[in-house]
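Line by line, the protein sequences are chains A and B.
Our numbering numbers the first residue of the first sequence as 1 and each following residue consecutively.
Our numbering numbers the first residue of the second sequence as 1001 and each following residue consecutively.
Backbone N, C-alpha and C fix where the C-beta goes; we use that ideal spot for every residue, glycine too.
2 protein chains.
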Amino acid sequence: MKISEIETPAVLVDLDVMERNLARVAQYARDHSLRLRPHTKTHKSPVIARRQLDLGAAGLAVAKTGEAEVMMHAAPKEILVAYPVVGHRKLERLMGLAGSTRISVALDSLAAAHQLSGAARAHRREIGVLIEVDLGLKRVGVQPDEAAAFAKAVARLPHLRYEGVATYPGHIKMMDETGLAAVKTLSNSVESLVDRLSAVGLRPEIVSGGSTPALYHSHHVAGMNEIRPGTYVFNDRNTLELGACARHECAATVLCTVVSTAQPGQVILDGGSKTFSSDRLATGADAGFGEVVEAPQAVFTKLMEEHGFLDIRRCGRTFDVGEQVHVLMNHVCVVMNLHEQVYGVRQGVVEEVWKVEARGKLQ
Amino acid sequence: MKISEIETPAVLVDLDVMERNLARVAQYARDHSLRLRPHTKTHKSPVIARRQLDLGAAGLAVAKTGEAEVMMHAAPKEILVAYPVVGHRKLERLMGLAGSTRISVALDSLAAAHQLSGAARAHRREIGVLIEVDLGLKRVGVQPDEAAAFAKAVARLPHLRYEGVATYPGHIKMMDETGLAAVKTLSNSVESLVDRLSAVGLRPEIVSGGSTPALYHSHHVAGMNEIRPGTYVFNDRNTLELGACARHECAATVLCTVVSTAQPGQVILDGGSKTFSSDRLATGADAGFGEVVEAPQAVFTKLMEEHGFLDIRRCGRTFDVGEQVHVLMNHVCVVMNLHEQVYGVRQGVVEEVWKVEARGKLQ
């Protein structure tokens, strides 16, 4: 299949670039003796998860039980649900998986821990727990000074296996001097956290962190021994803007077709918010909804559901209805979640098509 | 099934409210002799489309060929693709439908018209065309002074049936004095457009307009004889903020579970941008990503992919992990597109569950 035969809008992945991204992170993890547990929320595909495992990933990370179910098709040795699993039915489903693979959950409340323990007991399973600790993002996670007491309470619950600590340093974004200073602060926080836990006899076996922006600085974080990056497989405009990847490491784009040129100075693409999401750049920069690879001077000013608005006044050229362009998206994780399938392309030829199987698995 | 048995995050629709919304618009259209061709992009479900047809809708409107394919399950007498269909394969698929129902396309370029004519000729079909005219939104559509020439060129092409005009008055938002003045301006524009077309012997049989915000003012637009509202079936926070519906007319909410209360003054819900989209209010107001029905003082300040951040400092109460809340979403159309199914609820009981069958049908 040729690219010209693909119906748009469609997500294209340059397989050479993706494979280099996968190999590079696998090598980095090996070089620094870090367990790699890639977060599958980015690609939502067992096909890609399997490649990550084949390259040495210890297991997979997911956000939802439904994603864990789909990722079983990749036959991972272990799955971490890096999200508190709350609610009877979800826990029942999770227990259903625990017979086939090793399941762990990251959580930050006794309520969630009690529910998990109860479900595990009912099913005679043992479920791993990473206590989630907040080291700066202020999203989920107990505070560091509560971590030891919380870990003790969790470790005491039947059918739970205390494994260590999870944290998500998503507050470390831009890989400039500020970012590097934040990595240093994180390192101190992790070191002190490990000390606190060790002092109560709960030295963490796993200290799990790592997001794509700060990925390659993970080995500077004393005590961290696992990383859970997601976006690195494809990268996107965010990763690029944050200085966390180079342009030639961006593997995914959305192929769009020009469907209207009726307004002077404007082009309408057949991809809007249902194709790209409405995510702006994570830096907060007012820089539109994507970058047109063939015309970087075009400004992707606005989105409606099925309409992408390009201001082409600075392009020095016009576009024709039917012409196709590749758009580098702001945030690849939410884009993948909007598409049913992905076209894997190598040197201009569609080599494979895979389904985004965990798309929409919100529960 | 009880609401408490639903796994979250999940879209709930109050069936009583939805049925009143459907009936009210059907009645309005009848009262004013307006053809109703509801846009199915909002619900993306043939089940709901069928109800619209049963209540008197003349046909359905869709944005994409893939949506048209799904909507065939509702057995409509006609489908308008209210979007330029560009590209050989999409046109082939569209021709495949033209044997079973009457197909029309709204378009604004000769390139799209030529492609459509060519495909129709190859398949020995006749396809209706509405010429898309821009009356203020500046999205797609030829300018009014180009409309007559464009209509003539389209009407001349073989296998196309010139049916009239489509316009989308999406620039009319807030239903205040400014909005009503804009409706008056629209009316003048439509009247003059019909005159221009009639002057060249192309009096439009169909003059199609109508979006949800200005819906109930459609009969004030001289010459407009068809409306294509979508959002009215459920309404949302946008429709409410724009003054286009009352609170008791909002049928859809997202049921979420509190999964973390670890940060003081903050609650994390299990719905983020993959549940709600990142759409802010259409008015541009900085008023968060949704409204918590049970706690209107909570501010939905931030979204990550699977995390909804509520600032609860003004709530005067706390929340527990496991507690559930209903969230009125900013923009229901993009929310439906993120979910696989919808729970139809009546008086606290789940009466039906339907699939969002056209979800992700972007091509």
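In the structure shown, the three-state DSSP call for Y1162(B) is strand. The Cβ atoms of G141(A) and I103(A) lie no closer than 8 Å to each other.
Sequence-distant partners of A119(A) (beyond 5 residues in either direction) whose C-beta falls short of 6 Å from its own C-beta, in its chain, are L91, M95. Three or more beta-carbon pairs separated by less than 8 Å link the stretch 1002 to 1017 of chain B to the stretch 1251 to 1262 of chain B, which places the two stretches in contact. Chain A has no Cβ within less than 8 Å of the Cβ of R1313(B). For the C-beta of G1290(B), not a single chain A residue is nearer than 9 Å; the gap to the nearest is close to 14 Å.
Look at C256(A): its C-beta is not under 8 Å from any C-beta on chain B. In the three-state scheme derived from DSSP, where H, G and I count as helix and E and B as strand, Q347(A) is classed as coil. DSSP assignment within the stretch 1254 to 1291 of chain B yields the following whole beta strand (DSSP E) runs of 3 residues or more, N-terminal first: 1266 to 1269. Here the stretch 18 to 33 of chain A does not lie against the stretch 321 to 338 of chain A, with fewer than 3 beta-carbon pairs under 8 Å apart.
Those residues of the stretch 1124 to 1150 of chain B placed with their C-beta closer than 7 Å to a C-beta in chain A are D1134, K1138, R1139, V1140, G1141, V1142, ordered along the chain. Contact between the stretch 1043 to 1060 of chain B and the stretch 1344 to 1356 of chain B is present, with at least three C-beta pairs closer than 8 Å. Among the residues of the stretch 317 to 351 of chain A, those with a Cβ less than 8 Å away from any Cβ of chain B are D320, V321, G322, C333, V334, N337, L338, H339, E340, in the order of the chain. At a cut-off of 4 residues, the continuous stretches assigned as alpha helix (DSSP H) that sit fully inside the stretch 1098 to 1169 of chain B are 1110 to 1122, 1144 to 1156.
Leaving aside the five residues that flank L1053(B) on each side, the residues in its chain whose CB is nearer than 7 Å to its CB run, in chain order, A1074, P1076. If you compare the alpha carbons of V1183(B), L1116(B), R1124(B) with that of V321(A), the shortest gap goes to L1116(B). From the beta-carbon of M1304(B), the residues of chain A found nearer than 8 Å are R139, G170. With a 10 Å radius around the Cβ and a threshold of 16 neighbouring Cβ atoms, P1213(B) comes out buried. Around the CB of A49(A), 16 or more other CB atoms lie within 10 Å, so the residue is classed as buried.
Beta-carbon to beta-carbon, T301(A) and G288(A) are separated by about 6 Å, close enough to satisfy the 8 Å threshold.
Excluding residues up to 5 positions away in sequence, R1237, N1238, E1241, A1287, N1330 lie with their Cβ nearer than 7 Å to the Cβ of L1281(B) in the same chain. Around Y1216(B), the same chain offers Y1028 as residues with beta carbons nearer than 7 Å, after the five sequence neighbours per side are excluded. Between V1165(B) and V1207(B), the beta carbon gap of about 5 Å places them in contact (Cβ cut-off 8 Å).
The residues M174, M175, D176, in chain order, have a CB closer than 7 Å to that of G243(A) in the same chain once the five nearest residues on each side in sequence are set aside. Only those residues of the stretch 1081 to 1112 of chain B whose C-beta falls short of 7 Å from the nearest C-beta of chain A are listed: Y1083, P1084, V1086, G1087, R1089, K1090, D1108, S1109, A1111, A1112. In terms of beta-carbon proximity, S1278(B) lines the interface with chain A, with at least one pair separated by less than 8 Å.
If you ignore the 5 residues before and after A1098(B), its C-beta comes within less than 6 Å of the C-beta of R1125, all in its own chain and listed in chain order. Counting the other CB atoms within 10 Å of its CB gives S100(A) a total below 16, which places it among the exposed residues.
One Cα belongs to V183(A), the other to H220(A), and the distance between them is close to 7 Å.
The three-state reading of DSSP puts L303(A) in strand, counting E and B together. Looking at the DSSP output, G209(A) shares a beta bridge with I227(A). Shown here for G1223(B): same chain residues with a beta carbon closer than 6 Å to its own, the five before and five after excluded, namely V1190, E1191, V1194, V1207 in chain order. For H1073(B), there are no C-beta contacts with chain A under 7 Å, since the nearest C-beta of that chain is about 18 Å from it. The C-beta of S1033(B) has fewer than 16 other C-beta atoms within 10 Å across all chains shown, which makes the residue exposed. Check the Cα spacing between Y168(A) and each of E146(A), L135(A), Q143(A): the tightest is with L135(A). Inclusion of L110(A) and P84(A) in the CB contact set at 8 Å is not warranted, their separation being larger than that value.
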